[in-house]
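Structure first, then comments.
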Amino acid sequence: MRLSTFFLPTLKETPTEAQIVSHRLMLRAGMIRQTSAGIYAWLPLGHRVLKKIEQIVREEQDAAGAQELLMPTIQSAELWKESGRYDDYGKEMLRITDRHDREMLFGPTNEEMITDIFRAFVKSYRQLPLNLYHIQWKFRDEIRPRFGVMRGREFLMKDAYSFDIDAASARRSYQKMFLAYLRTFARMGLKAIPMRADTGPIGGDLSHEFIILAETGESGVFCHKDWLTLDVLQNAPGFDEDLQPFFDTYTSIYAATDEKHEPGNCPVPEADLVSARGIEVGHIFNFGTKYSKPMNAVVAGPGGEPVPVEMGSYGIGVSRLMGAIIEASHDDNGIIWPDAVAPFNVGLVNLKVGDAETDRVCQELYYKLRANGLEVLYDDRDERPGVKFADMDLIGLPWQLVVGPRGLKNGVVELKRRATGEKQELSVESALEKLSA
Numbered sequence: 171m172r173l174s175t176f177f178l179p180t181l182k183e184t185p186t187e188a189q190i191v192s193h194r195l196m197l198r199a200g201m202i203r204q205t206s207a208g209i210y211a212w213l214p215l216g217h218r219v220l221k222k223i224e225q226i227v228r229e230e231q232d233a234a235g236a237q238e239l240l241m242p243t244i245q246s247a248e249l250w251k252e253s254g255r256y257d258d259y260g261k262e263m264l265r266i267t268d269r270h271d272r273e274m275l276f277g278p279t280n281e282e283m284i285t286d287i288f289r290a291f292v293k294s295y296r297q298l299p300l301n302l303y304h305i306q307w308k309f310r311d312e313i314r315p316r317f318g319v320m321r322g323r324e325f326l327m328k329d330a331y332s333f334d335i336d337a338a339s340a341r342r343s344y345q346k347m348f349l350a351y352l353r354t355f356a357r358m359g360l361k362a363i364p365m366r367a368d369t370g371p372i373g374g375d376l377s378h379e380f381i382i383l384a385e386t387g388e389s390g391v392f393c394h395k396d397w398l399t400l401d402v403l404q405n406a407p408g409f410d411e412d413l414q415p416f417f418d419t420y421t422s423i424y425a426a427t428d429e430k431h432e433p434g435n436c437p438v439p440e441a442d443l444v445s446a447r448g449i450e451v452g453h454i455f456n457f458g459t460k461y462s463k464p465m466n467a468v469v470a471g472p473g474g475e476p477v478p479v480e481m482g483s484y485g486i487g488v489s490r491l492m493g494a495i496i497e498a499s500h501d502d503n504g505i506i507w508p509d510a511v512a513p514f515n516v517g518l519v520n521l522k523v524g525d526a527e528t529d530r531v532c533q534e535l536y537y538k539l540r541a542n543g544l545e546v547l548y549d550d551r552d553e554r555p556g557v558k559f560a561d562m563d564l565i566g567l568p569w570q571l572v573v574g575p576r577g578l579k580n581g582v583v584e585l586k587r588r589a590t591g592e593k594q595e596l597s598v599e600s601a602l603e604k605l606s607a
């Protein structure tokens with residue numbers, strides 16, 4: 171993609187309404203634009219990152235055996251009345267009346283709808299276990315939306331729902347999602363720590379929230395220092411293995427939010443206790459028959475008897491994750507994207523547009539990098555070098571490849587790693603080889 175034609179409305183000044191780092195940088199980097207309180211349009215750069223995050227989430231859900239479907243955003247109030255949650259949910263639910271005076275709502279979550287789908291088609295325990303998920307926009311009418319996409323009213327969410335014949339099978343489904351979540355966040359370059367959580371309006375008796383550490387996090391967290399060195403991707407078992415030992419290990423290492431941390435009863439010696447800030451990016455629940463009983467989601471058991479299914483739900487805030495990643499990975503100059511979610515892999519910077527040799531080398535690099543499978547943002551604008559460097563640091567692509575007449579006279583280009591600031595002067599061929607490796 172050529173920056174001269176790419177829609178990237180960056181801002182030099184920080185908008186006054188932006189209170190936290192991620193909101194400021196997303197606005198300045200031209201990733202989003204607020205259209206109403208807590209509601210954002212996703213501009214091309216932001217949308218590219220959103221799709222990268224979504225794809226990693228999807229791949230791990232698929233690997234865990236979940237199956238993707240898509241449910242509508244608008245739901246019938248009748249389903250929520252059937253479960254008993256319509257009146258309990260409160261003013262965060264956006265309630266709508268259509269032209270036929272039917273009560274509808276913009277879904278804040280999908281337990282009722284997925285249960286209705288399940289009970290219509292699944293009749294026997296032989297069809298279980300089953301885990302269905304979708305990635306869809308949700309709406310919760312927050313009284314004070316703030317912090318950009320971290321606390322918006324409209325948000326993109328992955329929600330999965332498991333159905334099992336008994337509590338033991340439901341626990342295994344829960345453990346699969348527990349593993350999938352740890353893998354998902356690790357692949358995004360995040361250190362996510364599962365913490366025992368309250369179930370809130372979702373309900374149930376087993377719940378974990380996944381919190382990433384960030385200096386600007388919204389809540390205090392306390393954990394054993396071992397969490398900082400655990401490598402989930404290296405230690406994780408396969409989804410078809412016995413997950414109980416893995417689950418026991420990762421739930422036995424101390425971690426608690428400030429609401430649940432009791433300094434007088436903390437089992438961790440002070441020297442091993444880490445105090446930090448954190449951001450919630452996922453939440454999983456096992457809620458038994460809370461929805462299946464009132465909504466009559468039953469299957470025929472092994473003896474033909476009707477059995478209400480055991481259920482769980484598993485949410486990841488896909489759009490919220492983008493803000494969380496920025497909160498955890500930035501510096502004074504801008505965003506530092508982890509490689510897996512970066513909108514482009516390489517920012518190719520032409521320091522002197524119009525110089526025949528510089529243009530030729532840039533063009534050659536642009537096509538060769540793309541042919542090698544890399545996503546390249548080529549800054550071919552007629553701008554001062556300082557402007558180009560500032561924009562590249564702001565949008566945070568993992569690599570910057572800088573080409574100018576002075577370097578080419580010496581047979582080199584400059585390769586910069588955004589995360590470390592390390593710069594190398596390499597031949598064109600060596601730079602191409604390093605980036606393509």
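Here the sequence shown is numbered in this note's numbering, starting from 171 and rising by one per residue. Ideal Cβ placement from N, Cα and C applies to all residues, glycine included. All of these numbers come straight from a predicted model, not from anything done at the bench.
Quiz prompt | Residue from Phe348, Asn280 and Arg203 with nearest C-alpha to Glu230 | solution = Residue 230 sits at position 60 when you count from the first residue of the sequence shown. The option with the nearest alpha carbon to Glu230 is Phe348.
Same chain, Cβ closer than 6 Å to Thr161, neighbours up to 5 away in sequence not counted
This structure cannot settle anything about residue 161, because the visible part of the chain is limited to 171 through 607.
Between the alpha carbons of Arg269 and Leu300, how many angstroms are there, rounded? Here residue 269 corresponds to residue number 99 of the sequence shown, with the count starting at 1. Here residue 300 corresponds to residue number 130 of the sequence shown, with the count starting at 1. Distance between the alpha carbons of Arg269 and Leu300 is about 37 Å.
Closest by CA to Val468, which one among Ala446, Ile335 and Ala426? Here residue 468 corresponds to residue number 298 of the sequence shown, with the count starting at 1. If we check each option's Cα against that of Val468, Ile335 comes out closest.
| task | State the beta-bridge partners of Lys596 as determined by DSSP. | result | By one-based count along the sequence shown, residue 596 stands at place 426. The sequence shown places Leu at residue 596, not Lys. Within the DSSP bridge table, the entry for Leu596 names Val583 as partners.
### Task
Evaluate Val531 with the Cβ neighbour count: other Cβ atoms within 10 Å of its Cβ, from every protein chain shown; 16 or more gives buried, anything less gives exposed.
Residue 531 sits at position 361 when you count from the first residue of the sequence shown. Result: buried.
Tyr484 - containing alpha helix (DSSP H), residue span: Translated into positions along the sequence shown, residue 484 becomes position 314. No alpha helix (DSSP H) holds Tyr484; the beta strand (DSSP E) holding it covers Glu480 to Gly487.
Checklist entry - Which runs of the beta strand (DSSP E) fall wholly inside the stretch 284-344 and span at least 3 residues, in chain order? => result List check, beta strand (DSSP E) in window: 300-309 and 324-334.
Exercise. Should Val557 go down as buried or exposed, given a rule of 16 or more other Cβ atoms within 10 Å for buried?
Worked result: The residue labelled residue 557 in the question sits at position 387 within the sequence shown. So Val557 counts as exposed.
Beta-carbon within less than 6 Å of Ala446's beta-carbon, same chain only, minus the 5 sequence neighbours each way: which residues are those?
Sequence index remark: in the sequence shown, residue 446 carries index 276 (1-based). Short of 6 Å from the beta carbon of Ala446, and not among the five residues preceding or following it, lie these beta carbons of its own chain, in chain order: Leu383 and Val391.
Practice task
Determine, using beta carbons only, whether Lys522 and Leu602 come nearer to each other than 8 Å.
Solution key: Counting from one through the sequence shown, the residue named residue 522 turns up at place 352. Counting from one through the sequence shown, the residue named residue 602 turns up at place 432. No; because the gap between Cβ atoms is not below 8 Å, this pair is not in contact.
Residue of Leu596, Arg587, Arg588 and Asn503 minimising C-alpha distance to Gly574: Position 404 of the sequence shown, counting from 1, holds the residue named residue 574. Of Leu596, Arg587, Arg588 and Asn503, the residue nearest in Cα terms is Leu596.
Count the other CB atoms within 10 Å of the CB of Gly482; is the residue buried (16 or more) or exposed (fewer)? To locate residue 482, count along the sequence shown from 1; it is residue 312. Around the C-beta of Gly482, 16 or more other C-beta atoms lie within 10 Å, and the residue is accordingly described as buried.
| request: Taking 8 Å as the cut-off, decide whether the C-beta atoms of Pro464 and Ser253 are in contact. | output: Looking up residue 464 in the sequence shown gives position 294. Looking up residue 253 in the sequence shown gives position 83. Cβ atoms of Pro464 and Ser253: closer than 8 Å.
Threshold first: 3 residues or longer. Then list the beta strand (DSSP E) segments lying entirely within the stretch 371-419, N to C. Runs of the beta strand (DSSP E) lying entirely within the stretch 371-419 and spanning at least 3 residues, in chain order: 376-383 and 389-394.
- Using 8 Å as the Cβ pair cut-off and three pairs as the minimum, do the stretch 434-448 and the stretch 392-401 touch? Yes, since at least three Cβ pairs between the stretch 434-448 and the stretch 392-401 fall closer than 8 Å, the two stretches touch.
For Gly448 and Gly387, which I take to be in contact (beta-carbon distance under 8 Å), what is that distance rounded to the nearest angstrom? Walking along the sequence shown from the start, residue 448 turns up at place 278. Walking along the sequence shown from the start, residue 387 turns up at place 217. At roughly 4 Å, the Cβ-Cβ gap stays under 8 Å, so Gly448 and Gly387 are in contact.
**Request:** Give the DSSP bridge partners of His431, in chain order.
**Result:** Residue mapping note: residue 431 aligns to position 261 of the sequence shown, counting from 1. In the DSSP assignment, His431 forms no beta bridge with any residue.
- Proximal residues to Leu564 (C-beta, below 8 Å), its chain only, five neighbours per side dropped: Numbered from its first residue, the sequence shown carries residue 564 at position 394. Excluding sequence neighbours, Leu564 sits near Thr180, Leu195, Arg198, Ala199, Asn503, Gly504 and Ile505.
Discussion item. Just verifying my parser: in three-state terms, what is the DSSP assignment at His500?
Written reply: Counting from one through the sequence shown, the residue named residue 500 turns up at place 330. Reduced to three states, the DSSP call for His500 is strand.
* Between the Cα of Glu411 and those of Lys222, Ala234, Glu527 and Gly434, spot the shortest distance and give me the residue it belongs to. => Walking along the sequence shown from the start, residue 411 turns up at place 241. Measuring from the Cα of Glu411, the nearest candidate turns out to be Ala234.
* What residue range is occupied by the uninterrupted alpha helix (DSSP H) comprising Val557? -> Position 387 of the sequence shown, counted from the first residue, corresponds to residue 557. Here the alpha helix (DSSP H) through Val557 covers Pro555 to Ile565.
Review point. In angstroms, rounded to a whole number, what distance separates the CA positions of Gln345 and Gln414?
Key: Within the sequence shown, the letter at position 175 stands for residue 345. Within the sequence shown, the letter at position 244 stands for residue 414. Going from the Cα of Gln345 to the Cα of Gln414 covers about 7 Å.
With 16 as the cutoff for other CB atoms within 10 Å, does Trp507 come out buried or exposed? Residue numbering aside, residue 507 sits at position 337 when the sequence shown is read from its first letter. Per the 10 Å Cβ criterion, buried.
Fill in: Assigned secondary structure, Val523 (DSSP; H/G/I helix, E/B strand, else coil)
Taking the first residue of the sequence shown as position 1, residue 523 is located at position 353. Annotated three-state conformation of Val523 is coil, per DSSP.
- Task: In the DSSP assignment, find the unbroken beta strand (DSSP E) run with Ala467 in it and report its ends.
- Result: Mapped onto the sequence shown, residue 467 falls at position 297. Taken as a continuous stretch (DSSP letters only), Ala467 belongs to no beta strand (DSSP E), as it is neither H nor E.
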